[in-house]
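Visitor:
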Amino acid sequence: MKRKQLSLAIGLTLSLVALHATAQDAPAAGTAEEDALATLDAVEVTARRRTESIQDVPVAVSAFSEDAMRDLQATNIDGLQGAVPNMNIVQGRGSSNSVNVFIRGIGQPDALQTFDPGVGMYVDDVYYSRINGALFSLFDVSQVEVLRGPQGTLYGKNSTGGAIKITTRNPFDDQGGSVELTAGDYGRAEGRAYVAGQLSDTLAVSLAAAKITRDGYVTDPATGQDYNDEDTTAARVKIAFRPSDTFSGNLSLDYTRQDNALTLGQPVAPLYGVDLAGGIVLYRLPTPGEYNFETRTSFAPDQGQALTHKGASLGMEWVLSERWTAKSITAYRELATASFIDIDASEFELGDVFVGVDQRQASQEFQLQYDNGDDLQAIFGLYYMNEQVPSHQEAYADDFLLFSGFPISFLRTIDDDLSNKSVAGFAHFNWEFSPSWTLAAGLRYSKDSKKYFRTTSTFSNLLGNADPALAFNISDSWKALTPSLSLQKQFSEQVMGYVSANRGYKAGGFNGRANAATEISAFEPEYVWTYEVGVKMQSADRRLSGRIAAFHSTYEDFQARVSEVQNPNDPIPNFAFPVLNAAELAIDGIEFEGMARLGDSTLLSTQLGWMDARYEEFNDPRVVVNPALANLHDHVPFSPEFTGRVALQHGFELANGSLLTIGGDVSYRSETWLSVDNAPGLSQEGYTLAGLFGSWDSSDGRWQLRAGVRNLTDEVYKTDGQEFSSIGGIQTAYYGAPRNYYASLRYNF
């Protein structure tokens, strides 16, 4: 292992040395037209809440423009999978509308509303507090930024792993419009439209809309019904106003509606019931061989997964003086989901559930920014969020308990209400104390208060009814200071190096699966310190760029949901799903991102990541009772050792002035574990994915024809997993889409 680590570090270092040497020997630039073809575009990011070059900011950040996302063939935010070192981003388990994001070994896969995300998701600087509804469709995007490592000072709210920032188009900057139609296999049919224009010198408006449909790629062989489909309707209206040179604002209204079938996986462990008179009843064994995308379900075809997500935000900016600027970000959002989830992915009712969530979120942020135009910049901010998350849940398990072969019906209903309030104040300073040295420091104070009400009722034909079986109120609050510090050195116009230390914090919460008085509990916050050293380089002619970062993180009080039977010797099992502040982790890693313009029209890009995420300790009370369970935590979930991607594209200028572009990429991800408890069936061995695309652009830039194929080799691979082993042995794996192709036609005006 040490030899692998050393070899990778040496290899990446040599890559940067070669890049720097090439930069020094680069030929003089040609004409302006040639430069436009031959050089890399300057990339600007807002990782520190102001616009800076990606090469100058002492933060590990990846940025993708609208065109870059199209070349990734990404239609949803999980299309970034493979394109960012040490990031895992996939559709959440069993859900068509949630996203599972881990960056540098830190994230949160459980979409239950009592868990907060581990990676902050932002759209136009508005924080989205739920994993549900965060699998964004990319239909009106100007840029996506992925900030790696804790963002505890400037972003703060549950950003221990990092932050993903989506910036939508501005009507003043992106005028005109486009219409795009897409068709592909699996019944894929999409339409996207965007139009923007100025109504006056001070007012501009844009409208973006998308309709996205695709048939499912998983089939129930008994009924022929397709699952894992998509049916999304989305729209966004933006009104931008600039009544004076010192004031501007943007009002954004958005709406998304999804009406999808179930998201099904495959059982990867034996499923069983319990006969109170006869013992274990085996229902089925895992299907041998490679998954064929056929799965049974106990739900009816009309029991699917619906989502409505809508909101409004108002961003305003005042130029108070030559040095001072004030900003305000006000937002209100509503999220309603009604999802049936077949957790056991079978025709049996062992762990089937319905989850209905009705979330409302209001937030306000104020910023005061200072820039003396020379060597000092500062940001002062206040943040407030108020969130209400009532939900109704039902659990069905008619096949789990039997008596002499006769089923014992079981229905549990849950009604709960979660109230979250978060307040924070922060300050950040950036001081260039000498011509080539810059010191940055920041501090955030956060206070999170939560109240949780829960009532559960059970109904059974033989066990009797209890209505309510349990009802309780619980509340708590947590405070944290999260500092950041960085020192950067500009070695030359082309080379910058930095060291940094950042602390992240994720609030505590409550066990949202408590069904008995003994399970009522609060869990404490998570904390992480990350220490990082990085180098960013770019050649003088801007044909080459490279960024390398090495980091060490100490991660404390990891919030782990586990599954257990509390009374293993009794005939009627009593399930529990405690949340433990179980673990301390150490995480080391190296990341490299490089891009090269080869010739006038060939672009090569590379992203590489190595990570060693390991538990320093894992305090699991189940191991005290049963030492054989000690190996459940040998591997940190969603933290593969190696991630890598290479992409190449080449443009051919045709005789009529049009442009033909051919591109492709290959990505690799090493073995990945898909659950906190390392269930054997919930791991994915290393795999490689490939994609190809081609596009033709007319000479006037108005028409574009694009075609592509994803998962070119038709790889079968797992992306996520459900682990509820204490209920009928449930271990369910979810899979990435099989090979699929498409063609699109776009008209720009």
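For the sequence shown, our numbering assigns the number 10 to the initial residue and increments by one for each residue that follows. By construction, the Cβ of each residue, glycine as well, lies at the ideal position given by its N, Cα and C atoms.
(1) Quick check on DSSP: helix, strand or coil for residue 80?
(2) Report the three-state DSSP secondary structure of residue 527 (helix, strand or coil).
(3) Going by alpha carbons, who is nearest to residue 130 out of 169, 626, 263, 749?
(4) Opposite residue 335 in the DSSP bridges: which residues?
(5) Using DSSP with H/G/I as helix, E/B as strand and the rest coil, what is residue 642?
(6) With DSSP run on the structure shown, which of helix, strand or coil describes residue 556?
(7) Are the segment 526–533 and the segment 545–563 touching, with three or more C-beta to C-beta distances below 8 Å?
(8) Does the distance from the C-beta atom of residue 276 to that of residue 354 stay below 9 Å?
(9) Please report the residue range of the alpha helix (DSSP H) in which residue 632 lies.
(10) Do you know whose CA, among 673, 503, 401, 336, lies nearest residue 379's CA?
(11) Within the chosen definition, does the segment 323–341 reach the segment 365–382 through at least 3 CB pairs nearer than 8 Å?
(12) Do residue 358 and residue 407 have their beta-carbon atoms positioned less than 9 Å apart in this structure?
(13) For residue 696, I'd like the list of residues in its chain whose CB is within less than 7 Å of its CB, leaving aside the five on either flank, ordered along the chain.
(14) To the nearest angstrom, report how far apart residue 657 and residue 620 are at their CA atoms.
(15) Name the residue from 389, 388, 461 whose alpha carbon lies nearest to the alpha carbon of residue 423.
(16) Can you name the start and end residues of the beta strand (DSSP E) that residue 221 belongs to?
(17) Quick one: complete beta strand (DSSP E) runs, 3+ long, within the segment 147–217?
(18) Using the Cα positions of residue 141 and residue 91, report the straight-line distance between them to the nearest angstrom.
(19) Whole angstroms are fine: how far does the CA of residue 212 sit from the CA of residue 35?
(20) Rounded to whole angstroms, what's the CA-CA distance from residue 40 to residue 332? Just pull it up for me.
(21) So, helix, strand or coil for residue 51, using DSSP?
(22) Between the segment 682–696 and the segment 740–748, are three or more C-beta pairs nearer than 8 Å?
(23) Per DSSP, what kind of secondary structure is residue 46 in: helix, strand or coil?
(24) Taking the beta carbon of residue 68 as the centre, do at least 16 other beta carbons fall within 10 Å, making it buried, or is it exposed?
(25) Our contact map puts residue 759 next to residue 560 with C-beta atoms below 8 Å; I'd like the distance itself, whole angstroms only.
(26) For residue 87 and residue 251, what's the separation of their Cα atoms in angstroms?
(27) By the three-class DSSP mapping on this structure, what secondary structure does residue 309 have?
(28) Rounded to whole angstroms, what is the Cα-Cα separation between residue 138 and residue 120?
(29) Answer yes or no: do residue 642 and residue 685 have a C-beta to C-beta separation smaller than 9 Å?
(30) State the beta-bridge partners of residue 358 as determined by DSSP.
(31) Under 9 Å between C-beta atoms, does residue 261 make it to chain C?
(32) Only counting the same chain, and skipping five residues up and downstream in sequence, which positions put a Cβ closer than 8 Å to that of residue 722?
(33) When the distance is taken between beta carbons, is residue 366 closer than 9 Å to residue 400?
(34) Between 322, 314, 272, which lies nearest to residue 132 when the distance is taken from Cα to Cα?
(35) Using a Cβ-Cβ cutoff of less than 6 Å, which residues in the same chain neighbour residue 645 once the five nearest sequence positions on both sides are dropped?
(36) Buried or exposed: residue 364, going by 16 or more other Cβ atoms within 10 Å of its Cβ?
Guide: Short version:
(1) In the three-state DSSP reduction, residue 80 falls in the helix class (H, G or I).
(2) Annotated three-state conformation of residue 527 is helix, per DSSP.
(3) The shortest Cα separation from residue 130 among 169, 626, 263, 749 belongs to 169.
(4) Note: residue 335 sits in a beta bridge opposite 327, 377.
(5) DSSP, reduced to helix, strand and coil, places residue 642 within a helical segment of the structure shown.
(6) Collapsing the DSSP output to three states places residue 556 in a strand.
(7) Contact check between the segment 526–533 and the segment 545–563: fewer than three CB pairs, one atom from each, fall below 8 Å, which does not count as touching.
(8) Closer than 9 Å, so yes.
(9) Counting along the chain, the alpha helix (DSSP H) containing residue 632 begins and ends at 630–634.
(10) Among 673, 503, 401, 336, the Cα nearest to that of residue 379 is on 336.
(11) Yes: the two stretches touch, three or more of their Cβ pairs being nearer than 8 Å.
(12) Cβ distance < 9 Å, so residue 407 and residue 358 count as in contact.
(13) Short of 7 Å from the beta carbon of residue 696, and not among the five residues preceding or following it, lie these beta carbons of its own chain, in chain order: 678, 724, 726.
(14) Computed Cα separation, rounded: 25 Å.
(15) With distances taken between Cα atoms, residue 423 lies closest to 461.
(16) The continuous beta strand (DSSP E) containing residue 221 extends over residues 212–223.
(17) DSSP runs (the beta strand (DSSP E)) wholly in the segment 147–217: 150–157, 171–177, 185–193, 197–207.
(18) Taking the straight line joining both Cα atoms gives about 22 Å.
(19) Note that residue 35 has pLDDT 36, beneath the 50 cutoff, so the model's placement of it is unreliable and the number below is only indicative. If you take the alpha carbons of residue 35 and residue 212, they lie about 45 Å apart.
(20) Residue placement at residue 40 cannot be trusted, given a pLDDT of 31 that sits under 50; the coordinates are not used to answer.
(21) Residue 51: coil per DSSP, three-state reduction.
(22) Contact between the segment 682–696 and the segment 740–748 is present, with at least three C-beta pairs closer than 8 Å.
(23) The predicted model places residue 46 with a pLDDT of 38, which falls under 50 and marks its position as unreliable, so this point remains unresolved.
(24) Counting other Cβ atoms within 10 Å of its Cβ, residue 68 reaches 16 or more and is therefore classed as buried.
(25) The structure shown does not extend to residue 759, since the chain spans only 10 to 758, so no value can be given for it.
(26) In this model, residue 87 and residue 251 are separated by some 35 Å (Cα to Cα).
(27) Coil, per DSSP.
(28) Spanning the two alpha carbons is a distance of roughly 11 Å.
(29) Against a cut-off of 9 Å, the Cβ pair of residue 685 and residue 642 comes out as a contact.
(30) Answer by DSSP bridge pairing: none, since residue 358 is not bridged.
(31) Absence of chain C from the displayed structure is noted, only one protein chain being present.
(32) 697, 698, 699, 748, listed in sequence order.
(33) For residue 400 and residue 366, yes; Cβs fall inside 9 Å.
(34) Looking only at 322, 314, 272, the smallest Cα-Cα distance to residue 132 is reached by 322.
(35) Here the set comprises 114, 622.
(36) Buried, by the Cβ-count rule.
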